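Residue numbers (the numbering used here): 30 to 221.
The next block holds one structure in the form of structure tokens; read it before the comments.
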């Protein structure tokens with residue numbers, strides 16, 4: 030299975046309409062929906078914020094497209110078709126459009142939204158998918174740099190940090206990071 034390598038944004042103009050493509054690798058439906066909401070809040074004044082995502086979470090496949098007010102089937106579906114055609118999963122794409130005064134017609138909309146998804150996927154780069162899970166890590170302060178080094182070298186992510194008597198991180202880990210951290214003493218790993 031393939032996914033995208035990184036989160037990024039692309040931009041182009043089509044008959045004076047401005048299109049922006051936001052793309053992010055995701056591992057849960059909740060993460061995809063949060064990303065769509067974040068883009069909609071950022072571009073609340075946009076004419077449309079259309080979206081598509083495809084992912085597998087706990088063995089369940091999720092595939093959702095949204096035209097966000099564009100004529101039915103002219104925005105979300107072409108973006109979803111590009112995701113399928115390019116054989117990538119575990120990603121979300123949001124196409125933000127600012128209307129420029131010239132109507133594109135149904136065919137023009139389909140081409141523009143498909144182009145947005147394709148350019149965003151190409152810019153993000155296609156990579157082999159590595160399954161990841163969310164964990165809580167609890168450890169002593171003297172382990173901070175060691176823990177972060179393992180997480181970052183494997184391309185994993187720290188979502189939240191908490192500092193009390195001990196350090197608590199909410200992390201998204203690949204199997205490699207999990208195994209390395211599990212071998213260390215004084216690091217408690219909680220599967221959530």
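Ideal Cβ positions, reconstructed from N, Cα and C, are used throughout, including at glycine.
Since this is a predicted model, take the numbers as computed values, not measurements.
Nearest neighbour of residue i, chosen from the options [CA to CA]
| i | options | result |
| --- | --- | --- |
| residue 173 | 210, 141 and 88 | 210 |
| residue 196 | 40, 221, 167 and 203 | 167 |
| residue 83 | 93, 74, 77 and 75 | 93 |
| residue 42 | 65, 148 and 214 | 148 |
| residue 89 | 56, 101 and 65 | 56 |
| residue 39 | 30, 32 and 52 | 52 |
| residue 36 | 143, 190 and 120 | 120 |
| residue 30 | 61, 115 and 62 | 115 |
| residue 58 | 127, 213 and 118 | 118 |
| residue 208 | 198, 176 and 171 | 176 |
| residue 142 | 169, 170, 165 and 103 | 103 |
Proximal residues to residue i (C-beta, below 7 Å), its chain only, five neighbours per side dropped
| i | result |
| --- | --- |
| residue 129 | 44, 45, 46 and 47 |
| residue 61 | 55, 82, 84 and 121 |
| residue 206 | 179, 180, 183 and 185 |
Cα-Cα separation, residue i to residue j
| i | j | result |
| --- | --- | --- |
| residue 123 | residue 163 | 24 Å |
| residue 217 | residue 85 | 27 Å |
| residue 220 | residue 71 | 33 Å |
| residue 193 | residue 80 | 39 Å |
| residue 178 | residue 152 | 27 Å |
| residue 169 | residue 215 | 7 Å |
| residue 105 | residue 87 | 24 Å |
| residue 29 | residue 140 | This structure does not reach residue 29, given that the chain is present from 30 up to 221, and the question cannot be answered. |
Same chain, Cβ closer than 6 Å to residue i, neighbours up to 5 away in sequence not counted
| i | result |
| --- | --- |
| residue 146 | 108, 111 and 122 |
| residue 125 | 49, 72, 75 and 78 |
Same chain, Cβ closer than 8 Å to residue i, neighbours up to 5 away in sequence not counted
| i | result |
| --- | --- |
| residue 203 | 159, 160, 161, 183, 184 and 185 |
| residue 91 | 58, 61, 82, 83, 84 and 85 |
Minimum length 3: unbroken beta strand (DSSP E) runs contained in the region 48–123:
Segments of the beta strand (DSSP E) lying fully in the region 48–123: 77–86 and 89–95.
Mind pulling the beta strand (DSSP E) runs of 3 or more residues that sit fully within the region 130–157?
Complete beta strand (DSSP E) runs here, min 3: 155–157.
Would you check if there are 3 or more beta carbon pairs closer than 8 Å linking the region 131–141 to the region 150–167?
Contact between the region 131–141 and the region 150–167 is absent, because fewer than three Cβ pairs lie under 8 Å.
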